[in-house]
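Residue numbers (the UniProt record's numbering), protein chains in the order written: chain B, 1 to 684; chain V, 1 to 315; chain W, 1 to 509; chain F, 1 to 287.
Step one of this worksheet: look at the structure below.
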Amino acid sequence: MIETRQAPATQPLLRVEHLSTTFDMGNVSVRAVTDVSFDLYPGRVLGIVGESGSGKSVTARSVMRMLRSPGQVREGQVLLDGEDLLAIPEREMQAIRGKKIAMVFQDPQAALNPVMRVGDQIAEALLVHGTSAKEARKRAKALLAQVGIPDVERTIDQFPHEFSGGMRQRVVIAIALANNPTLLIADEPTTALDVTIQAQILRLLAQLRLELGISIIMITHDMGVVAELCDDLVVMYGGRVVEKGPVRDVFASPRHPYTAALLKAVPRLDAKGDEALIAIPGSPPVPLRLPSGCAFHPRCSHAIDKCFNDTPPLSSMGDRRESACWVAAAGGNVEPRPTDEFGRHRRQASGAAPTLRLDNVRTNVASSGGLFSKTPPVYAVDGISLEVFPGETLGLVGESGCGKSTLSRTIMGINDVSEGRIEVSGTDVTSMDLAARNLVAKTIQYVFQDPFASLNPRRTIGQSILEALEVVGVTGAEADNRVVALLIRVGLSEDYVSRYPYELSGGQRQRVGIARALAANPKILICDEPVSALDVSIQAQIISLLEELRDELGLGYLFIAHDLSVVRHISDRVAVMYLGRIVEVGTAEEVYGNPQHPYTVALLSSTPEPKPDQSTEHRVILTGDMPSPARPPSGCRFRTRCPIGPAFRSDREICNRQSPELAATASGQKAACHFAGEASLARG
Amino acid sequence: MISFLLRKLPSVAVVALISSAIAFILPRLAPGDPALAIAGSDATPEQLAAVREQMGLSKPLIQQYLDWMFGMFRGDFGQSFIMRRPVTTVIGSRLESTLELAFLAMLLMIAIGLVLGVLAGSPRSKWARVVLDIMTTLFLATPPFLTGLLLILFLGIFFPILPISGEVGFFENPWLALQFLILPALALALPQAAIVARLLQTAMNSARGEDYVDLAKAKGVSPGRITWRHVLRNSLGTAVVALGLRAGDLLAGAIVIEAIFARNGLGSLAVYSVQSRDYMVLQVLILGAVILAVFIQLFSEIILAALDPRIRLES
Amino acid sequence: MKFNVLRTGGSFRASLASMAIAATLLSGTTLAQAQEHGGILTISQVADAQPVALLALRAGNTPWIRNVFETLTRIDPATFQPQPVLAESWTLAEDGLSMTIALRSDVTFHSGRPMTAEDVKFSFETAALPESTSQVGFIAREFESMDVVDDHTLNIVFKRPLSNVFDFFEETYIVDRDTYDQREDGSQVIGTGPYTFAEWSPGASITLKRYEDYRVEDTAWFDEIEVAIIPDPTATIAALRSTRTQIATGLTPRDTLEFTRNPQFEVVETGGTMYPLGVNVGIAPLDNKLVRQAIAYAVDRERINDQVFLGTGTVTDLFWSPSAPGYTDELASHYSYDPEKAKGLIAEAGAEGATIPIVVPAIPSQRSIFEIVQNNLREVGLIPEAVVLDVADFDKRQVAGDLGAAFLLLHGQIGFSSPTLLSSLPSLREGNPSGFWNDDYVALREAMLAATTPEALGEATTALTEYMLDEAYSTVLVQAPGQIVVAAGLEGVETSVRGGLILAGAYEE
Amino acid sequence: MTDTAPPNRQKARLNPVLSRYLQAFVMPKGQIGLGLVILLTALALLAPVLFPGGYDMQTRDSLLPASWAHPFGTDELGRDIFVRSIYGLRTDLALAATAVPLSMIIGTFLGLSGALSPRLGSLVQRALDIIVGFPGLILAICVVLVVGAGWTALLVAIVIGGLPGFGRLARATFLSQQHREYVVAARTLGVSNWKIMVRHILPNAIDPIIVQGAVFVVAAVFTEAALSIVGLGLQPPEPSLGILLNVGMRYITMAPFYILGPTLILVLLALAFSLLADALNSTVNRK
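In structure tokens:
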């Protein structure tokens, strides 16, 4: 945390008062934001935290007066330097947007106009506010340099698609900074980015705040990001503010059951791995059907009768703290009660034969090309060897594009194996002929990332699971019974048989996805980012369910994720993947406790943790982006970004020449680095 | 771009080869005899036989096909059975009429389609939107020949403003030629323009929901500039693809339009060739149409790549 | 319609004759010629030119061919007597088996070469070949020999007396034997007429130019004749109205209706087409003569004439020209509309409810005729069914004589003499689609062919006609004239007996 | 653990697909379209009841101008053009009702064939591309000539003409669906290609195909009319709108109502299906 946080100035830069926003859908009026008030003081960073549907983004858009139709601000004031933005004509607002208030969006891929050169997009922000074209271009270059884009003279005339995700977000930030705004609203600016890139962007934002004294509203769902960047915090739930206060204080002693539960539901990187997560039951409410009274009461373990009918007002809880909870107001405890906890115990590999074994597998993902043309091969998976034992969870960590999904698809036979071999229960299935396919389908099943996409919207839950049973030859009444049993097993009820996916929440859908995967009684589940599409409070539920099933059914998991805390929580062993290769593999304790590969170090160091006041000074933050698998670097694939590699130490020329083998290290795990163990975590 | 075209060449060749075989065999499957056009309907059987012999129609089909194919490689597309001169000359003499029609129709289609599409895709009053919607739906509903008939009835018969049939070469008398061209060109263009407009409208509406429009708004860009610089610019690709596809339809529509407006273009030549079984002309016309369709497709891909920097010309 | 032919007879003949006279009178006075000699005459025709078929009658050739080519003789549409053109005179031998023809000596082809008897012989021999597809070629095949006596004298020996040899002369253009085989693409279409064939853009236009060395100076009034090919009647009408066309050929009565009332135009009925309904005598129930007669009685010819041809046609059940020897109104109206009689005959034959498939070519007028015929036949208790064939398909089957049980045909051969028609009409000739050929028929035909005097021909014609009407294997429904519209101010336009435009004497007022 | 479902359960638990289509008729576009379709279909179906005299009542009153007795006048054979137009509509609707579903089914199957075998799919795609390149009317004429003019020939010509449209749509769906997670999920379960095609891909192709079907009705009538103009339509005396237009063209200056009448009916027909397609399209895309 950057120590520039003085006491708030007396006059707030932005004051939002009693803001209410509705969406008129035909004859129903949906309240997305109700009675939201907060202050932002100059030079400070305000975090607005909430899950999907909490109203945090609508609040931001209301401030910008950029609500999508049919959204409308019903009540309230947005005072910027004392001027009510909601009362001025649109033309004046246009002059304020981009000039005084700027905004950074979640998805830099979507936020840049794909057919406009980046330089022009930055310059446009200046042009529309009266800067001359020549001046605007000059400033655009300066801005690009300021946000850390290399080789500005060339890149200024490139198109967004020629930039990586992180670079694009830097461009978006450059656009936002163009007119030296006093307020920057960042709407989930790092959610679409990888951990190492997220760290870069967060560092950039912190730096800008420091250098330019800009005030920031940071909208996020990630407590880690809040802890790292924000001074003050607003927690939203069901369209209302439920808790407000300085970050440090809120994290130390949350005054609302929701804040408290949220902090406990997130797995910690530094956790030992044997404590259970405390999941928040249920799912966040949709604005159309808010529960009566306190919107959180159906999920709250402290709810009292009053919570059912009366909406608690935001009331002061001491020094700059406010909370909207009847229980807290009465001085009650709001820490979540452990519901049904699972004592976790690590299992060691039992010496049994591995159920799944990969031996030096390579997968070519280049399209086969036309009738007469040949395309050069692209190995997204380039020589991977790993084993999954019965009852064991192997976590596979890596950033997007590292090939982890291709790997899982190769195991399932969706992608063809170019080289190497895959064994399932000791049988070679590399050929993926009919018999091999059957064996794979019976032994290994897949849980998909996006439960919205992996269920056919036109088939009922029952039909989707029946199909899986049908394949293994279970039909008729027996199949119907199995469907119900499977649904109950994953925590759903019989009613769901005839429902369609759109009637289910994300968490419920993921449960169905798991039920379907279990239909064939597999020995191994490949879970490909099974919780990353879910809200934080739901993630814990699904992780707990997976753990429960593993212990009960003796399943082995290949658990693929980019979220290191989640992987640490569930995994026995962890493999770290970079650009098609495994760079480090070992037990969770070994890898997290004493990482040997500089990439692992960087990953761990980049992950923001929900602990305020942690120093970020000594973080290992990688530069640049992962190269394309079509043109991998020679020698060590990580060398282009390696903090201990030839990019920083010109004498380490071996990294350019020789690809390091995965070899045992002193601390037990295997790592593929010529200088394993040299980089280390410097935690504050 | 050159390498893109080169890479496409083999598959174009395959399509051309298959099409040539179909173009050759399909008309010949129909009963009838090109010799009849020469011999006349009241010829005696021996007169017909003599003419057939003279025309080389008694050769085996395979040989006729190979003669044609090898001829084409030498630049000889064959001789019209009926008109007794090179097919290229025959087609060339009709080309002007169709080109004039297609060119004007294309211009009208682009102009009307883009204007309607942009208007409908811009945020404006509900009333204007409804009017535009009705217009596009009406144009969309009436295929070219119906539009043509209605135009003839209203602008040619009830209010005789424009000539309804016949033609005059553009270079002979441009003013008169335009009078003859305007109705058929409109008839061809209106329904196609409606399709283009509708697609453009849809594309613009979806582009309007994109984040980059929000970002532009957050920059303080005015609504007009957003429409032109961001929304329209990103929707043009759709319009180009639509125009490319429509260009093919335009040619197909030209056949019927030429019949209705009594124009002596390639369409009427094609119909005449079918009726008189002038296979030599017909097969070249069909092959030409298929290859033209392929090239229009390639061309729109090239334009698309030029419009959208994300698209690179690959197979 | 494939053919655009003149018919002989009818009221228009007088007007044409008077035009011809006027032309002759004027051609004597050089005054008019001296005044406005020159300019371009524009003509429209519906079908494209077919120089490949110079010696056959083609709709695409009739409007221009008689101005580029000439024949030995021309039949006067008024008197039906052959008049000399390229032949100066001719002598038929006493026995009728040979003829000596004296040719003009001042005739030159457009190539400049003088025309000789060899050219005439070549033209006749070529017409006799099947690939010429001449409708009258069969007459030349009755020539025993042709002797070129000298450059300007030709002697022809017949196999038997040929009463219709002037039909052959009328239709056989004298072509240049040096260039005949280069005619196909229109590059060398060389004749002896007052205009040369200068240019042909297929499907678009033909350009004729004045032949400066024509044997009679200043015969051609116009510098150029532009023949536009406009297949669509509506477009033709538009061209007429806008004066882009001065003479429009190949129109139907429906198209010309508005011009008959317009003083700016003159409508000339010329040539035309006969529309017979044929049945196959080999297919039940049409093998029964009574059924065939019943069908002939059942058809309302008047209505066909009124509704399809707007009353411009001649209602007749005969193939012959009304001016032909042996043509009587009684015979022509033998099968006047009588549904009751038809019903009786069908009952007698026991053919009630019989299905009659009728083959119809996909031509609008034929379709309309069929609809009336179908309506008529239904009334008398038959079930007619349409089999519409594409024209090319239909023609092929007509040539092969294979059209099924019943069929609607059209023959554009009005203007030939009856003996010629016997062999040139697909409906009557051997191998006809009715499958009608027997000894009685052959004997009656032979008698007609053998007749050398008009009286004898008349008698033989009557005998054959009665037999044909009784057998009823093919009866004409209507003979309809073709229509030519001439813009006012254009004088001296003549037509041949079979509808060719003759513009040698045409001039602009 | 109880994860509460969002309580958005439908009142009527109709098949969601069906209920979605029904929503098309809530908007005015859909209502007008449906109304017109019903009106025209009813007219066509009831033609023998409304006009028991049939379509071939020939009289000597040729080419009468429009009047109350004959709203569109009479034709060259003295028949009422309005009656013939309605019977013509009957013919065309019957033709469309047969040809459109056939073309739809075959085209869809061809387009989805890639789900059975990728090679077959791209082969079929090539073939359809070639059909597309063919000048539409010429292909139809050739087909009619080969089959022999008449109902069957028209049917075949229309069906073939529709294949590329339906095929391309179905293929586009297939291409977009084949990498969808639930298709991949079915494949990882080991579900057969055939079942994946029918269960997972086909239902997603249906929306655009239905819309295209409504559009294609107009195209089918267009093909009929175009073939009639070339003289290769239905056999006389059965009227079709195309035949009426073709014959009417010849009387356009003498009796403009001859052509105006059938044209109006065709425009109504086209409008009806176009509106319907439009309404369906917007409900389908709303999801």
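We put the beta carbon where it would ideally sit given N, CA and C, even for glycine.
Collapsing the DSSP output to three states places residue 416 of chain B in coil. Using beta-carbon distances, residue 479 of chain W does not count as an interface residue toward chain V, since no partner is under 8 Å. Measuring C-alpha to C-alpha distances from residue 264 of chain V to each of V:92, V:3 and V:144 identifies V:92 as the nearest. Put simply, the CB of residue 308 of chain B is far from chain F, with every gap to its CB atoms at 8 Å or more.
Note on residue 92 of chain B: under 16 other CB atoms within 10 angstroms of its CB, so exposed under the neighbour-count rule. The C-beta of residue 218 of chain B comes no closer than 8 Å to any C-beta of chain F.
Taken in chain order, the whole alpha helix (DSSP H) runs of length 4 or more contained in the segment 126-158 of chain B are 133-146 and 152-155. Looking at F:175, F:110 and F:114, the one whose alpha-carbon comes closest to that of residue 167 of chain F is F:110.
Here the alpha carbons of residue 296 of chain V and residue 288 of chain V stand approximately 12 Å from one another.
At the C-beta level, residue 219 of chain V and residue 125 of chain B come within 8 Å of one another. Beyond the five residues adjoining it in sequence on each side, residue 320 of chain W comes within less than 8 Å, by CB distance, of 326, 327, 418, 421, 461 and 465 in the same chain, given in chain order.
For residue 215 of chain V, the closest Cβ of chain B is nearer than 8 Å.
The continuous alpha helix (DSSP H) containing residue 138 of chain W extends over residues 137-140. Cβ neighbours of residue 542 of chain B within its own chain (closer than 7 Å, five residues either side excluded): 507, 510, 530, 531 and 534.
Under the three-state reduction of DSSP output, residue 262 of chain F falls in the helix class. Residue 164 of chain F carries a helical assignment under DSSP once its states are collapsed to helix, strand and coil. At a cut-off of 8 Å between C-beta atoms, residue 423 of chain B does not count as an interface residue with respect to chain F.
DSSP, reduced to helix, strand and coil, places residue 320 of chain W outside both helices and strands of the structure shown, so it counts as coil. Following the DSSP letters along the chain, one finds residue 599 of chain B inside the alpha helix (DSSP H) bounded by residues 598-606. With contact defined as three or more Cβ pairs closer than 8 Å, the segment 58-70 of chain W and the segment 203-221 of chain W are in contact.
Around the beta carbon of residue 138 of chain F, 16 or more other beta carbons lie within 10 angstroms, which makes this residue buried. Under the three-pair Cβ rule at 8 Å, the segment 72-90 of chain B counts as touching the segment 19-29 of chain B.
When F:243, F:237, F:107 and F:251 are compared, the shortest CA-CA separation from residue 385 of chain W is found for F:237.
Here DSSP, grouped into helix, strand and coil, assigns residue 127 of chain V to helix. Not flagged as an interface residue toward chain W: residue 158 of chain F, since no C-beta distance is shorter than 8 Å. When the beta-carbon positions are compared, residue 209 of chain F and residue 163 of chain F stay at least 8 Å from each other. Taking the C-beta atoms as reference points, residue 79 of chain F is found no nearer than 8 Å to residue 44 of chain F. In this structure, residue 355 of chain B lies near residue 425 of chain B, with their beta-carbon atoms less than 8 Å apart. In the three-state reduction of the DSSP assignment, residue 527 of chain B falls in the strand class, which pools E and B. Within its own chain, the residues whose Cβ lies closer than 6 Å to the Cβ of residue 32 of chain V, once the five positions on either side in sequence are excluded, are 277, listed in chain order. Annotation for residue 343 of chain W: the continuous alpha helix (DSSP H) segment containing it runs 339-349.
Unbroken alpha helix (DSSP H) stretches of 4 residues or longer found wholly inside the segment 154-228 of chain W: 165-171, given in chain order. Under the Cβ distance rule, residue 168 of chain F does not count among the residues neighbouring chain B, no pair being separated by less than 8 Å.
At a cut-off of 8 Å between C-beta atoms, residue 150 of chain V does not count as an interface residue with respect to chain B. A contact between stretches requires three or more CB pairs, one per stretch, nearer than 8 Å, and the segment 180-197 of chain W meets this requirement with the segment 214-232 of chain W.
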